[in-house]
Amino acid sequence: MGEAKRKTYAAAFKAKVALEAIRGVKTVNEIGQEHGVHPVQVGQWKKEILEHAGTLFETKRGRKP
4 MGEAKRKTYA AAFKAKVALE AIRGVKTVNE IGQEHGVHPV QVGQWKKEIL
54 EHAGTLFETK RGRKP
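Our numbering numbers the first residue of the sequence shown as 4 and each following residue consecutively.
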């Protein structure tokens with residue numbers, strides 16, 4: 004028996020799916036089914052975006068404290 008290969012997804016696809024989950028219009032199950040992704044994976048991507056959202060607007064050129 005061969006080993007099952009993990010499917011890899013593009014960052015843009017992950018962001019699209021996670022943002023859809025954040026909007027809350029559909030359930031995680033609906034989003035997962037619509038995009039062919041397990042609902043747990045959708046939840047993980049959503050969590051990752053929310054955890055790192057604060058760093059999106061950081062800049063190295065800003066004022067120094």
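Glycine residues also receive a C-beta, built at the ideal position from the N, C-alpha and C atoms.
Looking only at its chain, what residues have a beta carbon closer than 6 Å to the beta carbon of residue i, apart from the 5 residues adjacent to it on each side?
i: V43; result: none
i: H38; result: V20
List the endpoints of the continuous alpha helix (DSSP H) containing residue i.
i: A24; result: 14-26
i: G57; result: Where G57 is concerned, there is no enclosing alpha helix (DSSP H), given that its DSSP letter is neither H nor E.
i: H41; result: Segment: none, H41 is in no alpha helix (DSSP H) and carries neither H nor E.
Name the residue from the options whose alpha carbon lies nearest to the alpha carbon of residue i.
i: Y12; options: V40, I52, T62; result: V40
i: R45; options: E23, F60, E6, K63; result: The sequence as given places Val at residue 45; Arg does not occur at that position. If we check each option's Cα against that of V45, E23 comes out closest.
i: V20; options: K8, E6, E51, G5; result: E51
i: A56; options: I25, N32, T30, K29; result: I25
i: V31; options: A14, K49, E61; result: K49
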